[in-house]
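Residue 137 in our numbering sits at position 121 of the sequence shown, and the numbers go up by one each step. Built from N, CA and C at the ideal position, the CB exists for glycine as well.
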Amino acid sequence: MGRLTREQIQFFHTEGYLILDDVFAPDDLQPLRHEMAQRIDRKVRDLVAAGQLHDDYPDEPFERRLACIYHDARDNGEAIIRDLEGPAGGGHHGIEMFKIITHPKLLAVVESLVGPEIVGSSVYRIRPKIPGIGRGVVPWHQDSGYFMQLCDNQLILTCWIPLVDANAQNGCMQILPRAHRQGVFTHHTGGNAGFLVIEDGDLPDSPQQAVTAEVPLGGAVFMTNLTPHCSTPNHSDIVRWSVDLRYQGAEAPNNVGLWPDAEEDEEALEPFQVACYPPEADFMVQSRLHPDRVADYATFVQRREAFEQVKAIAYPKRGWTPVPVHAD
Ligand SMILES: O=C(O)CCC(=O)C(=O)O
17 MGRLTREQIQ
27 FFHTEGYLIL
37 DDVFAPDDLQ
47 PLRHEMAQRI
57 DRKVRDLVAA
67 GQLHDDYPDE
77 PFERRLACIY
87 HDARDNGEAI
97 IRDLEGPAGG
107 GHHGIEMFKI
117 ITHPKLLAVV
127 ESLVGPEIVG
137 SSVYRIRPKI
147 PGIGRGVVPW
157 HQDSGYFMQL
167 CDNQLILTCW
177 IPLVDANAQN
187 GCMQILPRAH
197 RQGVFTHHTG
207 GNAGFLVIED
217 GDLPDSPQQA
227 VTAEVPLGGA
237 VFMTNLTPHC
247 STPNHSDIVR
257 WSVDLRYQGA
267 EAPNNVGLWP
277 DAEEDEEALE
287 PFQVACYPPE
297 ADFMVQSRLH
307 PDRVADYATF
317 VQRREAFEQV
327 KAIAYPKRGW
337 TPVPVHAD
């Protein structure tokens with residue numbers, strides 16, 4: 017079911033990305049949209065009860081409600097986003113999120129690219145990009161800019177899945193093709209909204225060469241960890257909802273069998289440096305060799321929460337320096 021053709025696999029490896037319009041039926045994503053809408057509703061009720069929010073836009077659809085609240089009062093919008101994203105960005109771990117992460121249609125594509133033993137990489141993110149608000153605009157980067165150097169030569173597959181039709185107007189991704197075979201480019205800290213950034217002069221090609229990765233609800237964009245990409249402002253009137261999930265083969269460094277020590281003992285944290293992104297929990301999503309190691313929903317939640325509780329899992333970052341100050 018849903019495995020990639022040889023041509024699609026070759027395209028991915030040559031270009032560094034692949035866009036598929038129909039990984040899911042749009043209805044497959046409805047339960048996740050509903051779960052997020054419910055979570056927003058819970059937070060909205062808390063804010064109303066605390067006297068912080070007055071107009072809660074109950075009749076606005078999932079695509080609009082958060083934007084209306086945000087534009088009335090930024091603090092309320094940010095509080096809702098923080099609740100969804102959690103402290104590290106991948107906070108929401110409801111059952112419908114897990115079902116998408118482990119969805120057989122998605123894993124069939126993932127298997128074509130990383131092989132049959134699949135680790136769900138710790139880094140998955142939920143991104144509500146609010147119309148006209150800069151915080152969701154992600155500057156040029158490679159995901160490896162965030163990962164440990166020991167994973168530079170491993171494939172960590174990003175699956176970027178929109179929860180609405182994503183297009184140039186609402187700020188879909190921009191991808192620089194065929195640049196993923198040139199290693200990790202220089203990143204700087206202090207890009208927009210605190211993200212890492214590759215400055216235009218450090219990109220191997222002009223941003224004008226970028227592919228605008230428009231993709232409908234039900235589709236997905238697949239990229240390597242070395243593929244330079246960014247996303248642009250949302251000029252539409254709906255929230256550009258998306259999730260980005262990551263997967264790697266079980267042979268790539270990971271922390272699947274490890275649990276953090278809540279005491280934050282430096283030595284206990286040392287083994288986590290074997291993972292590509294130590295602060296968050298990896299988990300097994302498919303294995304023919306060791307089916308007993310595949311995480312069920314309870315294990316997934318337990319692992320995510322255990323890592324989240326240890327606020328600062330120490331790991332050597334890559335030593336990127338702040339964005340240089342340019343003279344006019
Ligand atoms: O969703 C976006 O706007 C950016 C996503 C991104 O940079 C990523 O998935 O690494």
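Candidates the options: closest to residue i by CA position
{"i": "proline 47", "options": "Thr30, Lys115, Gln26 and Gly102", "result": "Lys115"}
{"i": "aspartate 168", "options": "Ser160, Ser222 and Cys175", "result": "Ser160"}
{"i": "glycine 187", "options": "Gly32, Gln170, Val227 and His109", "result": "Val227"}
{"i": "cysteine 236", "options": "Gln26, Asp44, Arg22 and Glu23", "result": "For clarity, residue 236 is alanine in the given sequence; the question names cysteine instead. Comparing Cα positions, the closest option is Asp44."}
{"i": "methionine 189", "options": "Ala95, His29 and Trp257", "result": "Trp257"}
{"i": "phenylalanine 163", "options": "Arg334, Pro338 and His204", "result": "Arg334"}
{"i": "proline 220", "options": "Gln198, Gly234, Thr174 and Pro338", "result": "Gln198"}
{"i": "glutamate 267", "options": "His109, Leu122 and Gln170", "result": "Gln170"}
{"i": "serine 303", "options": "Thr205, Gly136, His157 and Val317", "result": "Gly136"}
{"i": "glycine 131", "options": "Gly93, Gly273, His342 and Gly265", "result": "Gly265"}
{"i": "leucine 233", "options": "Asp181, His342 and Gly273", "result": "Asp181"}
{"i": "leucine 36", "options": "Ser222, Tyr313, Trp176 and Val301", "result": "Trp176"}
{"i": "histidine 196", "options": "Gln24, Thr30 and His204", "result": "Thr30"}
{"i": "proline 1", "options": "Asn92, Phe299 and Asp253", "result": "Because the chain is modelled from 17 through 344, residue 1 falls outside the range shown and cannot be assessed."}
{"i": "leucine 242", "options": "Ile254, Ile142 and Arg194", "result": "Arg194"}
Outcome for residue i when other beta-carbon atoms lying within 10 angstroms are tallied against a minimum of 16
{"i": "lysine 59", "result": "buried"}
{"i": "alanine 184", "result": "exposed"}
{"i": "arginine 320", "result": "buried"}
{"i": "glutamate 15", "result": "Because residue 15 is not part of the residues shown, which for the chain are 17 to 344, the question remains open."}
{"i": "aspartate 260", "result": "buried"}
{"i": "proline 244", "result": "buried"}
{"i": "leucine 179", "result": "buried"}
{"i": "histidine 306", "result": "exposed"}
{"i": "arginine 22", "result": "exposed"}
{"i": "glycine 32", "result": "buried"}
Residues of its chain near residue i, where Cβ-Cβ distance is below 6 Å and the 5 sequence neighbours each way are ignored
{"i": "arginine 19", "result": "Ala124 and Ser128"}
{"i": "histidine 251", "result": "Gln185"}
{"i": "valine 153", "result": "Asn208 and Pro249"}
{"i": "phenylalanine 316", "result": "Phe114 and Phe299"}
{"i": "phenylalanine 201", "result": "Ile214 and Asp218"}
Three-state class that DSSP yields for residue i in the structure shown
{"i": "cysteine 246", "result": "strand"}
{"i": "leucine 233", "result": "coil"}
{"i": "histidine 50", "result": "helix"}
{"i": "proline 338", "result": "strand"}
{"i": "isoleucine 214", "result": "coil"}
{"i": "valine 154", "result": "coil"}
{"i": "alanine 330", "result": "coil"}
{"i": "alanine 41", "result": "coil"}
{"i": "alanine 83", "result": "helix"}
{"i": "alanine 182", "result": "strand"}
{"i": "proline 77", "result": "coil"}
{"i": "phenylalanine 351", "result": "Coverage of the chain is limited to positions 17 through 344, which leaves residue 351 absent and any answer about it impossible."}
{"i": "isoleucine 97", "result": "helix"}
{"i": "aspartate 291", "result": "In the sequence under discussion, the amino acid at residue 291 is alanine, which differs from the aspartate named in the question. Coil."}
{"i": "aspartate 346", "result": "This structure cannot settle anything about residue 346, because the visible part of the chain is limited to 17 through 344."}
{"i": "glycine 273", "result": "coil"}
Own chain, CB closer than 8 Å to residue i, minus 5 neighbours either side, in chain order
{"i": "proline 155", "result": "Gly207, Asn208, Phe211, Leu212, Val213, Ile214 and Cys246"}
{"i": "phenylalanine 323", "result": "Ser138, Pro276, Pro295, Glu296, Ala297 and Ile329"}
{"i": "valine 272", "result": "Val135, Ala266, Asp298, Phe299, Met300 and Arg309"}
Residues bridged to residue i [DSSP beta-bridge criterion]
{"i": "cysteine 239", "result": "Note that residue 239 corresponds to methionine in the displayed sequence, not to cysteine. Paired residues: Tyr33 and Thr174."}
{"i": "valine 227", "result": "Ile191"}
{"i": "arginine 141", "result": "Asp260"}
{"i": "isoleucine 134", "result": "Gly265 and Gln302"}
{"i": "threonine 205", "result": "Pro338"}
7 Å Cβ shell around residue i - same chain, five flanking residues per side excluded
{"i": "phenylalanine 28", "result": "Leu34, Leu129 and Phe238"}
{"i": "glutamine 149", "result": "Checking the sequence shown, residue 149 turns out to be isoleucine, not glutamine. Excluding residues within five positions, the ones whose Cβ falls inside 7 Å are Tyr86."}
{"i": "alanine 314", "result": "none"}
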